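Heads up: the sequence lines are chains C and X, in that order.
If you use full-length UniProt numbering, the first sequence corresponds to residues 1 to 203, in order.
If you use full-length UniProt numbering, the second sequence corresponds to residues 1 to 203, in order.
What follows is a single structure, written as structure tokens, with notes after it.
There are 2 protein chains.
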Amino acid sequence: MDLATCLKKMKLVGVLAFATVDSEGAPQIRNISAIHYEPDALYFFTARGKNFCKELMEDGRVQILAYTKYKEMIRLSGKAYAAAENEQKKWMDIIFEEQPYLANVYPGDTREIGIIFCIDKAEVEYFNLGVNPIFRETYILGDISVKEKGYYITESCIGCGKCMRHCPQKCIEKGTPFVIRQEHCLHCGNCYENCPVKAVIRK
Amino acid sequence: MDLATCLKKMKLVGVLAFATVDSEGAPQIRNISAIHYEPDALYFFTARGKNFCKELMEDGRVQILAYTKYKEMIRLSGKAYAAAENEQKKWMDIIFEEQPYLANVYPGDTREIGIIFCIDKAEVEYFNLGVNPIFRETYILGDISVKEKGYYITESCIGCGKCMRHCPQKCIEKGTPFVIRQEHCLHCGNCYENCPVKAVIRK
Chain C
1 MDLATCLKKM KLVGVLAFAT VDSEGAPQIR NISAIHYEPD ALYFFTARGK NFCKELMEDG
61 RVQILAYTKY KEMIRLSGKA YAAAENEQKK WMDIIFEEQP YLANVYPGDT REIGIIFCID
121 KAEVEYFNLG VNPIFRETYI LGDISVKEKG YYITESCIGC GKCMRHCPQK CIEKGTPFVI
181 RQEHCLHCGN CYENCPVKAV IRK
Chain X
1 MDLATCLKKM KLVGVLAFAT VDSEGAPQIR NISAIHYEPD ALYFFTARGK NFCKELMEDG
61 RVQILAYTKY KEMIRLSGKA YAAAENEQKK WMDIIFEEQP YLANVYPGDT REIGIIFCID
121 KAEVEYFNLG VNPIFRETYI LGDISVKEKG YYITESCIGC GKCMRHCPQK CIEKGTPFVI
181 RQEHCLHCGN CYENCPVKAV IRK
């Protein structure tokens, strides 16, 4: 898998879930399909009067989730910002042309209540629960650095193999220390809870 | 539409998007299908080592989104809590029985890393973009009160009709004052932006 394929899959899924936080710090989620994909950015449409727009303006952090028919989850985490004033019309026209149903929702010039947001820096996580063992990988859109996540076995490992026996995905390999195959890890924490010497750390 | 039908539709969709907030106040979203539906509560499974579990333990606020093949969005907002200790096994067994694929992900007794959360008080919003005009309604699960949302026209209305002409869904009716048919309102804000006397308020 790679970034371009993930974006293509998101486009194929079409209707995605967008999560933001509101002014009270509560999670907010809704479906958005008015999205245009460029190789290096996503542009999406909403209306200025929606809480979604308010949340994007005030905070901007957004996670976008696509679930494919092959049981793949693709999750994009980034910060959205309002596209430049002089590009608003261009992207709006493209999105309305690509998705004719939008003209039923916002007929004629009522689309002028719309606003285009852009995301051009994001972490894109691919997670496939439909294969055995499960498979995950992370890709980067734009110029950002991302934090490592998940569980890792440190030098404190005594090689007892308890983690390996408790791993639902059998993704821990023998070694000094033992090693978690990150691309197959569920992040369930069973190795962490069962290690007798606390050699497993969580990042 | 009603609450029971919404829950039935969520169950039919199967794989839902769950949004929470992390310890940095950022939105987090993932797909969850390990859900069991009772008429008055939802129970769902995750693993204790997942960030999702941490977010539920630390904050608990969650929004769940289902998108049906009929372009309906169903959004449940509530607070999740860990089910009682002596009920954990019962709900876990039910969920694993209803969804056999889970035993591939967590084979044998590795499911013991799981934890069951419950939501029994929630606001459930139904939003159908596939009809014209669009249709929305809110239902309540359990004993909670919810805040009114959206746009309302106050007594300051001068009856000029500008809001009506700008409404993409034609859901504003003449009157003294004019009235927004809440069940058909997009919450786009076009009436609010175009009212010459600021008679439209946002809740």
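All C-beta atoms, glycine included, are put in the ideal place defined by N, C-alpha and C.
Just so it is clear, the structure is predicted and the values come from calculations on it, not from any experiment.
Asked                                                                                                                                                                                        : Found
Nearest chain C C-beta to M73/X closer than 8 Å, yes or no?                                                                                                                                  : yes
Could you name the residues that DSSP lists as bridge partners for R136/C?                                                                                                                   : F127/C
In terms of residues, what are the limits of the alpha helix (DSSP H) holding A4/X?                                                                                                          : 3-13
For chain C, is any of its Cβ atoms less than 8 Å away from the one on R136/X?                                                                                                               : no
If we define contact as Cβ-Cβ less than 8 Å, is N132/X a contact residue for chain C?                                                                                                        : yes
Is any beta-carbon of chain X found at less than 8 Å from that of Q63/C?                                                                                                                     : yes
Pairs of beta-carbons, one from the stretch 155-164 of chain C and one from the stretch 129-143 of chain C, closer than 8 Å: are there three or more?                                        : no
Within the stretch 68-93 of chain X, note down every full alpha helix (DSSP H) run reaching 4 residues or more, in order along the chain.                                                    : none
Buried or exposed for V146/C, please, with buried defined as at least 16 other CB atoms from any protein chain shown within 10 angstroms of its CB.                                          : exposed
So within the UniProt domain "4Fe-4S ferredoxin-type" (178-203) of chain X, which uninterrupted alpha helix (DSSP H) runs reach at least 4 residues, ignoring any that extend past its ends? : 190-194
Using a Cβ-Cβ distance under 8 Å, would P100/C count as near chain X?                                                                                                                        : no
I want to verify the contact list: residues of chain X whose CB lies under 8 Å from the CB of T110/C, in sequence order.                                                                     : H166, C167, P168, C188, N190
Have a look at T110/X and C6/C and give me their C-alpha separation to the nearest angstrom.                                                                                                 : 30 Å
Can you have a look at A80/X and say buried or exposed, based on whether 16 or more other CB atoms are within 10 angstroms of its CB?                                                        : buried
Using a beta-carbon distance below 8 Å, is Y126/X in contact with chain C?                                                                                                                   : no
Counting contacts by CB-CB distance shorter than 8 Å, is Q88/C in contact with chain X?                                                                                                      : no
Does the pairing of the stretch 90-101 of chain X with the stretch 39-46 of chain X give three or more beta-carbon distances under 8 Å?                                                      : yes
To the nearest angstrom, how far is it from the Cα of T176/C to the Cα of H36/X?                                                                                                             : 42 Å
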